[in-house]
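Undergrad:
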């Protein structure tokens with residue numbers, strides 16, 4: 001891992017754009033190395049892998065953990081207990097389950113609603129029309145703080161195509177008076193910034209390529 005990449009990226013970010021270092025697939029030693037440079041926001045997509053790292057890094061009190069992966073119903077309570085932000089909430093049903101878990105635990109969960117901006121079957125997310133039509137009721141859900149929207153663009157798009165999708169997501173967020181958009185990964189982060197992203201999710205640009213698959217016990 002070249003820390004110079006991280007430092008160069010941080011210098012280029014506007015003040016209103018936050019960086020989530022996507023640490024899935026990387027061990028706690030690398031997370032600690034980036035944390036020592038001042039990075040506090042880290043993103044994980046599998047609960048057990050993340051939890052194992054959280055235990056190892058429990059002395060790093062200021063780390064903020066972001067769940068960015070596909071949500072499983074049986075993991076919702078554990079996710080709410082152990083993550084500061086959830087970026088990948090893609091249904092009203094999950095909003096309600098998160099609300100109930102947060103109520104039981106006694107916290108207000110920060111979330112971003114994931115939108116499906118294209119018909120790409122490999123990408124999840126709520127239909128924007130559903131979000132807009134149900135927004136009046138969604139706003140009433142307790143024990144959650146909806147920070148904004150999140151989207152993942154399909155691979156292989158041109159710069160212009162990426163920008164169009166990101167801009168559309170930003171406009172929807174603005175129409176709902178939501179401050180944040182979690183948009184942009186290692187292959188399209190420049191377009192995301194130009195389109196109004198406030199949270200970037202960068203992994204390989206910071207940590208390098210994932211060369212090994214971490215062994216975790218998903219049954220725990």
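In my numbering, the protein residues as written are 1 to 220. Glycine residues also receive a C-beta, built at the ideal position from the N, C-alpha and C atoms.
Using CA coordinates, which residue listed in 11, 4, 168 is at the minimum distance from residue 19?
TA: As a first step, residue 19 must be located in the chain shown, where it is residue number 19. Residue 19 has its Cα closest to that of 11, out of 11, 4, 168.
Undergrad: Report the start-end ranges of each beta strand (DSSP E) in the segment 117-192 that is 3 residues or longer and not cut off at the edges.
TA: Counting whole runs of 3 or more residues, the segment 117-192 contains the beta strand (DSSP E) stretches 144-150, 180-182.
Undergrad: On the three-state DSSP scale, how would you describe residue 210?
TA: Looking up residue 210 in the chain shown gives position 210. Coil.
Undergrad: Bridge partners for residue 51 per DSSP, in chain order?
TA: Residue numbering aside, residue 51 sits at position 51 when the chain shown is read from its first letter. None, per the DSSP bridge assignment.
Undergrad: Would you tell me roughly how many angstroms separate the C-alpha atoms of residue 221 and residue 197, rounded to the nearest one?
TA: Any answer about residue 221 is impossible in this case: the structure gives the chain only from 1 up to 220.
Undergrad: Out of 207, 72, 56, point me to the one whose CA is closest to residue 47's CA.
TA: For this step, residue 47 is matched to residue 47 along the chain shown. Measuring from the Cα of residue 47, the nearest candidate turns out to be 72.
Undergrad: May I ask you to verify whether the segment 59-67 touches the segment 146-165, counting CB pairs closer than 8 Å and requiring at least 3?
TA: No, the segment 59-67 does not touch the segment 146-165.
Undergrad: Excluding the 5 residues flanking residue 116 on each side, which residues of the same chain have their C-beta closer than 7 Å to its C-beta?
TA: Locating residue 116 in the chain shown gives position 116, where the first residue counts as 1. The answer, listed in chain order, is 123, 124, 125, 126, 127.
Undergrad: Can you check which of these residues, 86, 207, 110, 193, is closest to residue 165 by C-alpha distance?
TA: Within the chain shown, numbered from 1, the residue matching residue 165 stands at position 165. For residue 165, the nearest C-alpha among the options comes from 193.
Undergrad: Please check the pair residue 210 and residue 184, which I expect to be a contact at CB under 8 Å, by giving their CB distance rounded to whole angstroms.
TA: Residue 210 sits at position 210 when you count from the first residue of the chain shown. Residue 184 sits at position 184 when you count from the first residue of the chain shown. Going by Cβ atoms, the distance from residue 210 to residue 184 rounds to 19 Å, so no, they are not a contact pair.
Undergrad: Ignoring anything shorter than 4 residues, give me the alpha helix (DSSP H) runs that lie fully in the segment 17-100, in order along the chain.
TA: Counting whole runs of 4 or more residues, the segment 17-100 contains the alpha helix (DSSP H) stretches 28-35, 47-56, 76-82.
Undergrad: Report all residues from its chain with a CB closer than 6 Å to the CB of residue 43; omit the five preceding and five following residues, and keep chain order.
TA: Along the chain shown, one-based indexing puts residue 43 at 43. Closer than 6 Å at Cβ, skipping near neighbours: 20, 22, 66, 68, 201.
Undergrad: Can you say whether residue 15 is buried or exposed, counting buried as having 16 or more other CB atoms within 10 angstroms of its CB?
TA: Locating residue 15 in the chain shown gives position 15, counting from the first residue. Exposed, by the Cβ-count rule.
Undergrad: Figure out for me which residue from 121, 175, 3, 106 has the closest Cα to the Cα of residue 136.
TA: Here the question's residue 136 lines up with position 136 in the chain shown. The shortest C-alpha separation from residue 136 is found at 175.
Undergrad: Buried or exposed, going by whether 16 or more other CB atoms sit within 10 Å of the CB of residue 25?
TA: The count along the chain shown starts at 1 and reaches residue 25 at position 25. Residue 25 should be labelled buried.
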